[in-house]
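Engineer: There's a structure below that I have some questions on.
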Amino acid sequence: MSQTPVPLAFVAADTPDARAARDRLAVRYAGVPPEEAGIIVALGGDGFLLETLHRYLFRGVPVYGMNRGSVGFLLNDYSEDGLTRRLMRAQRVVLHPLRMKAMTREGVEIEGLAFNEVSLLRETRQAAKLRVTVDGRERMPELTCDGALVSTPAGSTAYNLSAHGPILPLGADILALTPISAFRPRRWRGALLPHTARIQFDVLEPSKRPVSAVADFTEVRDVARVEISEDRKVACTLLFDPEMALEERILKEQFTP
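Count along the sequence shown from 1, then add 983; that gives the number in the numbering used here.
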């Protein structure tokens, strides 16, 4: 990274700690509006970092997160000292999102982007019934479940892991297809797919067993069909302190009891 100071913008989650940190840092490091920044510093939790990625995605500037939330898996430790040096040393991770195309029962198509996962979830007490197609080939005629999700490597330690899906190393060029509480076939644990795969879920019995689809912050109710694929034309850059490298964290997570 250039030795020339890069204009910094500070954005914060709607919490007292995050807002106070933003105000202090903006004064100390001469913060500018996000529209003028060369780096955006996000203060909050993982959810707010994802929100920041979506909000400023097409600005094309790196985002450096500092934890003012709870989990903070995608964030660096919070410190107000030496920020300029930390940014100069930071490692870059480029993420490509999943693109969701959801067709509702009324025939309306809605798109969304997801850096973590796209998930399908039952809306009522009735289990969902889904047909799974990959690259135009039917792979599972009927999956009875609470839902299913497709995860990126960066998102594989989030909802995917909670649903007993696999942790994916960064750079593996793999997506995880993971069922959520599968009832039939009961022992199916999901699949690993190349990042080029095009996954389609068709909702069976959609009026009796309604299903919603969620791509990060975009939720679509009463879907009939959902298509998911990685969009390599869209990218964002996250910055990490060398000792907080995302690849190492994901690897370490596989050895956590």
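All C-beta atoms, glycine included, are put in the ideal place defined by N, C-alpha and C.
Please classify L1032 as buried or exposed, where buried requires at least 16 other C-beta atoms within 10 Å of its C-beta.
Structural biologist: buried
Engineer: What are the partner residues of I1022, as DSSP defines its beta bridges?
Structural biologist: Per DSSP, L991.
Engineer: Work out the CA separation of M1049 and L1008 for me, nearest whole Å.
Structural biologist: 12 Å
Engineer: Counting pairs of beta carbons, one from the stretch 1093-1104 and one from the stretch 1073-1084, are three or more of them closer than 8 Å?
Structural biologist: yes
Engineer: Would you check if there are 3 or more beta carbon pairs closer than 8 Å linking the stretch 1176-1189 to the stretch 1041-1048?
Structural biologist: With the rule of 3 Cβ pairs closer than 8 Å, the stretch 1176-1189 does not count as touching the stretch 1041-1048.
Engineer: Decide if D997 is buried, meaning its Cβ has at least 16 other Cβ atoms within 10 Å, or exposed.
Structural biologist: exposed
Engineer: Would you grab the beta carbon distance between P1017 and Y1039 for me? Rounded to a whole angstrom, and I think it's under 8 Å.
Structural biologist: Right, their Cβ atoms sit about 6 Å apart.
Engineer: Out of N1143, Y1061, Y1142, which has the shortest C-alpha to C-alpha gap to M1227?
Structural biologist: Closest option to M1227, Cα to Cα, is Y1061.
Engineer: In or out: R1215 buried (at least 16 other Cβ within 10 Å) or exposed?
Structural biologist: Exposed: under 16 other Cβ atoms inside 10 Å.
Engineer: Cα separation between P1162 and T1116?
Structural biologist: 14 Å
Engineer: How many angstroms separate the CA atom of P1193 from the CA atom of L1113?
Structural biologist: 11 Å
Engineer: To the nearest angstrom, report how far apart G1122 and L1176 are at their CA atoms.
Structural biologist: A small correction: the amino acid at residue 1122 is Arg; Gly does not occupy that position in the sequence shown. In a straight line, the C-alpha of R1122 is about 12 Å away from that of L1176.
Engineer: Please state whether DSSP places D1029 in a helix, a strand or coil.
Structural biologist: Correct three-state label for D1029: helix.
Engineer: Look up D1185 in the DSSP assignment and say whether it is helix, strand or coil.
Structural biologist: strand
Engineer: Could you check which residue in G1095, A1025, N1059 has the C-alpha nearest to that of E1202?
Structural biologist: G1095
Engineer: Looking at the secondary structure, which residues open and close the alpha helix (DSSP H) in which I1150 lies?
Structural biologist: Looking at the DSSP string, I1150 is not in any alpha helix (DSSP H), and its letter there is neither H nor E.
Engineer: Please list, in chain order, all residues of the same chain as S1139 whose beta carbon is under 6 Å from its beta carbon, the five residues on each side excluded.
Structural biologist: I1150, L1151, A1159
Engineer: Shorter than 8 Å, the distance from the beta carbon of T998 to the closest heavy atom of the ligand MN, or not?
Structural biologist: Questions concerning the ligand MN fall outside what the structure shown contains, since it holds no ligand whatsoever.
Engineer: Return the chain-ordered list of same chain residues with a C-beta closer than 8 Å to the C-beta of E1125, the five sequence neighbours on each side being excluded.
Structural biologist: K1112, L1113, R1114, R1167, L1187
Engineer: Are there 16 or more other CB atoms within 10 angstroms of the CB of S1212, so buried, or fewer, so exposed?
Structural biologist: buried
Engineer: Do L1066 and L991 have their C-beta atoms closer together than 9 Å?
Structural biologist: yes
Engineer: Please name the residue or residues paired with G1095 in a DSSP beta bridge.
Structural biologist: M1083
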